[in-house]
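Structure first, commentary second.
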Amino acid sequence: NVERELTAVEVNAIRLEGKKLLDTAKAEANLLVARANTQADQIKAEAQLNGTKMLFDAVNITSQEQMTAFTYVRALAKRNDVDIDISYLHPNNILQTKIVN
3 NVERELTAVE VNAIRLEGKK LLDTAKAEAN LLVARANTQA DQIKAEAQLN GTKMLFDAVN
63 ITSQEQMTAF TYVRALAKRN DVDIDISYLH PNNILQTKIV N
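So for the sequence shown, the working numbering puts the first residue at 3; every next one is plus one.
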């Protein structure tokens, strides 16, 4: 009877130790995934910032107004609830109207 109780205590201790190890491994895995996601988000943000800067330099966007307009249009294009089609017309490609006297 005493041996059974001692065995039950040992079994319970082993189970608790196993649960503790499993819980610790799950917590460490979750922490690792969270750190990896944070690092990936940081890399993506830096890449987007560098890419945007390279784009601005390539197309000679220098004013804050132009940069803000581009950022706004890009934000609109990323939204799922907005259907947007953007094209660019050079001033030379636009038909100008004149007032007739």
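Beta carbons are placed, not taken as given, at the ideal position from N, Cα and C, and that holds for glycine. None of these values were measured; they are calculated from a predicted model.
Could you tell me the boundaries of the alpha helix (DSSP H) in which residue i lies?
| i | result |
| --- | --- |
| R37 | 4-60 |
Out of the options, point me to the one whose CA is closest to residue i's CA.
| i | options | result |
| --- | --- | --- |
| S89 | V75, N82, N52, I101 | V75 |
| A71 | D85, D83, T54, N82 | T54 |
Where does residue i fall in DSSP's three states?
| i | result |
| --- | --- |
| R81 | coil |
| T64 | coil |
Note down, in chain order, each residue of its chain lying with its Cβ closer than 6 Å to the Cβ of residue i, except the 5 sequence neighbours on either side.
| i | result |
| --- | --- |
| I16 | none |
| I86 | L78, A79 |
Between which residues of its own chain and residue i is the CB-CB distance below 7 Å, once the five residues before and five after are set aside?
| i | result |
| --- | --- |
| D83 | none |
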